[in-house]
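Below is one structure; the comments refer to it alone.
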Amino acid sequence: MSIKIFAILTLSLLTAGIFSQSVFNENKLPSEDLKLKEHTLNTFSVENNKFSTNKFLTYPFQQKLDLINSISSSENKFRVAEDNLAPKKKKSVGLGILLSALLPGAGEFYGENYLKAAIFVGIEALAWGTYIYFNNKGNNQEESYQQYADKYWDVRTYAAWLKNEGFPESSGINPSETDLNILREQIMVCERANFSHTMPEYKSQQYYELIGKYQNFQAGWTNLEHIPTRDPGPYNYQTYRDPIFLNYADERQKANDFFDYAKIGPITAIVNHILSAADAAWVISTYNSNIKIETGFRMQNRISPYTFEVKQIPTLIIAVNF
23 MSIKIFAILT
33 LSLLTAGIFS
43 QSVFNENKLP
53 SEDLKLKEHT
63 LNTFSVENNK
73 FSTNKFLTYP
83 FQQKLDLINS
93 ISSSENKFRV
103 AEDNLAPKKK
113 KSVGLGILLS
123 ALLPGAGEFY
133 GENYLKAAIF
143 VGIEALAWGT
153 YIYFNNKGNN
163 QEESYQQYAD
173 KYWDVRTYAA
183 WLKNEGFPES
193 SGINPSETDL
203 NILREQIMVC
213 ERANFSHTMP
223 EYKSQQYYEL
233 IGKYQNFQAG
243 WTNLEHIPTR
253 DPGPYNYQTY
263 RDPIFLNYAD
273 ERQKANDFFD
283 YAKIGPITAI
293 VNHILSAADA
303 AWVISTYNSN
313 IKIETGFRMQ
323 NRISPYTFEV
333 KQIPTLIIAV
343 NF
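Just so it is clear: in the sequence shown, position 261 is 283 by our numbering, and no numbers are missing.
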């Protein structure tokens, strides 16, 4: 009887041991995996202050598993998000400088600063637009005053005036000479003896300039109000300036002014190329360094230095983000 009871107890203990071992094997984790997940839990616990290691050790086994799996999943999501934020590929500063040197704003566009790119392109367009506009006005004005001179200034009238007024060396002048180049040589002999300048080549730039600049040449205008003379008096050629002569000089000066204004365009364009190239280096350097500069205006309450009263004053705001 005692042997039977001992056998039954032994069999019962063996069955209970096998059952307990199977239950434990179903729920346990390999020791290395458990240590890794506990390390992950501790890392997230320190960083996020959500859990503590001491509390974790007191959790029931299944709750430990659920918490570790939850944190591991969060860790994987975090790593995926971090991988998506891969660093931007750096851009070449030299290439940006070259692009802006060729076309202002191109280097800024390459550096993804589209506002500055638009500004430099706009300045470039404005510079060349200014040149084209004023150069065309200068050409039109030049054509206008030259056509007027061709109509109202006559070399034979000028030659006859020199001869009629009896200037030294004027006896060799023949106002009726058919060859105008020969007539010009005759006039120049007289001019060298009496004036500071001689007749330029017909219809040259200097020709159109001198006939409206030096007073002896005004005698060649056919529409003068009064003919100048060598005799003292109100119309002496050394002091007299006919309104026609003065108006022509003013019209010619307008053309010169337009051409001077046109020069502003190329000068501005050259400066724009240089500034854009220098700025492109800065833009791409900040792009590579992840530096962003933001500017703006904001109305803020300030004490007026004039009235010492608190008023809203526009304030420039500059923000630098690294």
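Where is the CB? At the ideal position from N, CA and C, for every residue including glycine.
This structure is a prediction, so every number in the text was calculated from the model and none was measured.
- Phe281 has its alpha-carbon roughly 44 Å from the corresponding atom of Ile335.
- The C-alpha of Phe131 is placed about 50 Å away from the C-alpha of Tyr229.
- Closest in C-alpha terms to Ile266, from the list Glu191, Trp150, Trp175, His295, comes Trp175.
- In the three-state reduction of the DSSP assignment, Lys333 falls in the strand class, which pools E and B.
- Excluding five sequence positions before and after Glu273, the CB atoms of its chain that fall closer than 6 Å to its own CB belong to Tyr167, given in chain order.
- Contact check between the segment 299–307 and the segment 121–139: three or more CB pairs, one atom from each, fall below 8 Å, which counts as touching.
- Here the C-alpha atom of Ser122 lies approximately 6 Å from the C-alpha atom of His295.
- Fewer than three beta-carbon pairs drawn from the segment 153–164 and the segment 175–195 are found closer than 8 Å, and the two stretches are therefore not classed as touching.
- The beta-carbon distance between Glu187 and Thr251, rounded to whole angstroms, is 7 Å. This is short enough to meet the 8 Å contact definition.
- Met210 carries a helical assignment under DSSP once its states are collapsed to helix, strand and coil.
- For Ala123, the uninterrupted alpha helix (DSSP H) run begins and ends at 115–124, by DSSP.
- Its chain contains Tyr230, Ile233, Gly234, Tyr270 as the residues whose beta carbon lies nearer than 8 Å to that of Ala171, once the 5 sequence neighbours on both sides are disregarded; these appear in chain order.
- Here Trp150 has Gly287, Ala291 as same chain residues with Cβ atoms under 7 Å from its own Cβ, once five neighbours each way along the sequence are excluded.
- Judged by DSSP secondary structure, Gly129 falls within the alpha helix (DSSP H) whose first and last residues are 128–132.
- In the three-state DSSP reduction, Asn310 falls in the helix class (H, G or I).
- For Ala181, the enclosing alpha helix (DSSP H) has its first and last residue at 177–186.
- In the DSSP assignment, Thr152 falls within the unbroken alpha helix (DSSP H) covering 136–174.
- Secondary structure note for Gln228: its alpha helix (DSSP H) is the uninterrupted segment 227–232.
- Within the DSSP bridge table, the entry for Asn258 names Thr251 as partners.
- Taken atom to atom, the span from the alpha-carbon of Gly144 to that of Gly118 is near 18 Å.
- Straight across, the Cα-Cα distance linking Asn310 with Gly133 is about 9 Å.
- Beta-bridge partners of Gln322 (DSSP): Ile335.
- Our two residues, His219 and Pro254, have alpha carbons roughly 22 Å apart in a direct line.
- Annotation: Asp201 to Gly242 spans about 18 Å, alpha carbon to alpha carbon.
- Residue nearest to Leu268 within the set Glu247, Tyr283, Asp279 is Glu247 (criterion: CA-CA distance).
- With a beta-carbon spacing of about 5 Å, Asn238 and Phe217 fall inside the 8 Å limit used to define contacts.
- Leaving aside the five residues that flank Trp183 on each side, the residues in its chain whose CB is nearer than 6 Å to its CB run, in chain order, Ala241.
- The residue from Thr308, Ile306, Lys173, Ala215 with its alpha-carbon nearest to that of Lys225 is Lys173.
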